[in-house]
Amino acid sequence: MGINISKADSKPPQKVNHISLRASDEQLEIIESESRAVRMNRSEFLLHRGTINDRTLRRLKQERLSQDEYAELTLIRREYIAQGNNLNQIARGVNIANQEGRSIEVDSKTLKEIAAANQLIAKRIQKLGAKS
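As structure tokens, this is what we get:
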């Protein structure tokens, strides 16, 4: 004789473990911004990113992408994160300069090169996504 447990009877596992981590100001700013965008608190967001999304990425890797394609996608992701961090630093510098009444010179050639590189990356990501 078996025991029949319906979903209504099952309780989610209790969260009894505590994790502490250190983050830079930029990292915390990103975490807070991303968590607000999906209407989660920091803990919920980090748990979601660390568990559900990682499993999804692993499953996609196994089902749809070759090892080389997954490695390429991982490098692209790291590049976007680095560019986001750099953009935050630039914005912070511009804001500080504005508060102090100074101006900042912008290298438009470099910005155009970055934009062109990002367009190529976006096309490559689309190609990888089309395989699924």
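Residues 2 to 133 in the numbering used here are what the sequence shown lists, from first letter to last. Beta carbons: idealized from backbone N, C-alpha and C, even for Gly.
Collapsed DSSP secondary structure at K128 in the structure displayed: helix
Neighbourhood of E33 by C-beta distance below 7 Å, restricted to the same chain and skipping five residues each side: R43, listed in sequence order.
Secondary structure of D108, DSSP reduced to three states: coil
Option nearest L48 by Cα separation, candidates L22, Q90 and E30: L22
8 Å Cβ shell around A38 - same chain, five flanking residues per side excluded: Closer than 8 Å at Cβ, skipping near neighbours: no residue.
Same chain, Cβ closer than 6 Å to S104, five either side skipped, listed in chain order: none
Where A72 sits in the DSSP three-state scheme: helix
Terminal residues of the alpha helix (DSSP H) in which L48 lies: R43 to H49
Selection from Q15, I126 and K12 that minimises the alpha carbon distance to Y71: For Y71, the closest C-alpha among the options Q15, I126 and K12 is that of I126.
Coarse secondary structure for Q15, derived from DSSP in three states: coil
Under the three-state DSSP convention, the category A24 falls into: coil
Proximity of N96 and I31 at Cβ, strictly below 9 Å: no
Collapsed DSSP secondary structure at V39 in the structure displayed: coil
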